[in-house]
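Numbering (the numbering used here), first residue to last: 60 to 263.
Take a look at the structure set out below.
This is how it looks when you write it as structure tokens:
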């Protein structure tokens with residue numbers, strides 16, 4: 060796949076509620092055609108503010124597991140012919156009691172679909188939330204370790220959002236959140252800054 064000119068880059072944000080921008084915003088997939096709520100409550104908004112030459116498509120759906128996100132890949136990623144896809148998914152698998160390996164298997168399939176299509180990948184670690192028990196946290200660490208290792212081995216773009224968004228004063232919880240589960244507007248802006256930095260290199 061040949062990258063577009065610098066001023067015409069298309070990027071798809073693929074994931075669950077944190078990609079969608081919940082609770083402050085509902086994505087165009089959740090509330091077509093344009094989405095609804097406060098547009099500043101999504102990382103896509105802040106990425107396009109920083110990079111007007113990018114078109115960042117919000118393709119997040121609240122509550123979805125990796126298998127459900129994979130099922131949308133053709134419609135929400137391939138159909139838009141993006142230069143890059145940001146993949147942030149897995150927390151709902153773990154929250155619903157699925158194994159780390161189940162999430163890893165589906166993430167692997169998502170990455171493979173993007174590679175087959177020649178789409179650049181930005182693989183993101185899964186972010187923490189308040190109230191995670193030790194077993195869930197252990198499974199989260201397994202998934203994140205795999206994402207780190209795979210990104211290095213396959214030369215994907217990599218964004219450690221777990222580290223970026225974790226509250227340094229309370230490890231295992233989010234900074235910049237109103238509900239303990241999703242970022243607030245400040246948090247989404249910080250996500251955008253971290254993701255933009257990775258994409259600037261990935262799309263170079």
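We treat Cβ as the ideally placed atom computed from N, Cα and C, and that holds for glycine.
Report yes or no: do the region 87-96 and the region 228-237 share at least 3 C-beta pairs separated by less than 8 Å?
Judged by Cβ distances under 8 Å, the region 87-96 makes no contact with the region 228-237, as fewer than three pairs qualify.
contact_flag[the region 194-206, the region 237-251] where n(CB pairs < 8 Å) is 3 or more
Counting C-beta pairs closer than 8 Å gives fewer than three between the region 194-206 and the region 237-251, which falls short of the contact rule.
CA-to-CA distance, residue 78 to residue 127, given in whole angstroms
C-alpha separation (whole angstroms): 14 Å.
Where does residue 214 fall in DSSP's three states?
Three-state result, residue 214: coil.
Of the residues 167, 210, 243, which one's Cα is nearest the Cα of residue 224?
When only C-alpha atoms are compared, the closest one is 243.
When the distance is taken between beta carbons, is residue 68 closer than 8 Å to residue 113?
Contact flag set, yes.
Looking at residue 180 and residue 216, is the spacing between their C-beta atoms short of 8 Å?
Going by beta carbons, residue 216 and residue 180 fall inside the 8 Å limit.
Can you have a look at residue 214 and say buried or exposed, based on whether 16 or more other CB atoms are within 10 angstroms of its CB?
Of the other Cβ atoms in all chains shown, fewer than 16 fall within 10 Å of the Cβ of residue 214; this residue is therefore exposed.
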